[in-house]
Amino acid sequence: MIASTEWKDGTQYAGRTESGHTIRFDTDTAHTTGPSPMEAVLTALCACTSVDVVSILQKKRETLTSLVVSAEAEQSPAPPRVFTHIRLTYRVGGKLSKKAVEDAVALSKNKYCSVSKMLEKSATIEFAIEYADGVPSE
């Protein structure tokens with residue numbers, strides 16, 4: 001995997017991926033033209049675990065109709081400002097087994113999500129599951 005970042009102007013940077021995509025980063029406190037690098041890392045965590053959960057639930061033939069993963073993170077007060085605590089909230093919708101959802105989230109966190117495995121070296125990661133259609137039966 002190859003990536004690069006080019007300083008554009010002021011607090012703006014253009015990140016480029018090997019697959020040809022560009023991500024604009026903005027380190028100004030307002031972040032008007034893009035996320036900060038740490039916001040991008042937190043978003044990558046949400047994306048990584050989302051991919052796992054959707055894949056696992058589809059393989060279990062669960063009827064997933066929606067998934068939103070949100071994250072709240074605390075950072076160390078002094079540089080390097082690594083994440084120290086992350087809380088993920090999974091909001092799932094569909095006709096789902098509670099056990100299947102819980103298993104999918106746990107498998108993502110404990111086995112499959114590469115971003116989670118990297119971040120847990122500095123941060124405690126916890127999660128909550130919310131059911132958009134009401135809590136399913138066991």
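Heads up: the sequence shown runs through residues 1 to 138, numbered per this note's numbering. Even for Gly, the Cβ is constructed at its ideal location relative to N, Cα and C.
| Check | Outcome |
| --- | --- |
| Sub-8 Å separation of V92 and A132 beta-carbons | yes |
| For D28, three-class secondary structure by DSSP | coil |
| Beta-ladder partner(s) of G15, from DSSP | T5 and I23 |
| Terminal residues of the alpha helix (DSSP H) in which A128 lies | That residue, A128, is in no alpha helix (DSSP H); its beta strand (DSSP E) goes T124 to Y131. |
| Inter-stretch contact (C-beta, 8 Å, three-pair minimum) for the segment 85–105 and the segment 30–37 | no |
| Among T33, T22, A3 and E18, nearest to D9 - alpha-carbon criterion | T33 |
| Same chain only: Cβ atoms within 8 Å of E102, ignoring 5 sequence neighbours per side | I129 |
| CB-CB length for K109 against F127, believed under 8 Å | 7 Å |
| Buried/exposed call for D28, threshold 16 Cβ in 10 Å | exposed |
| V92 - containing beta strand (DSSP E), residue span | F83 to K95 |
| Best match in T49, H31 and E62 for proximity to V68 [C-alpha to C-alpha] | T49 |
| Close beta carbons around S116, own chain, < 8 Å, minus the five adjacent residues each side | L45, C48, T49, S108, K109 and I125 |
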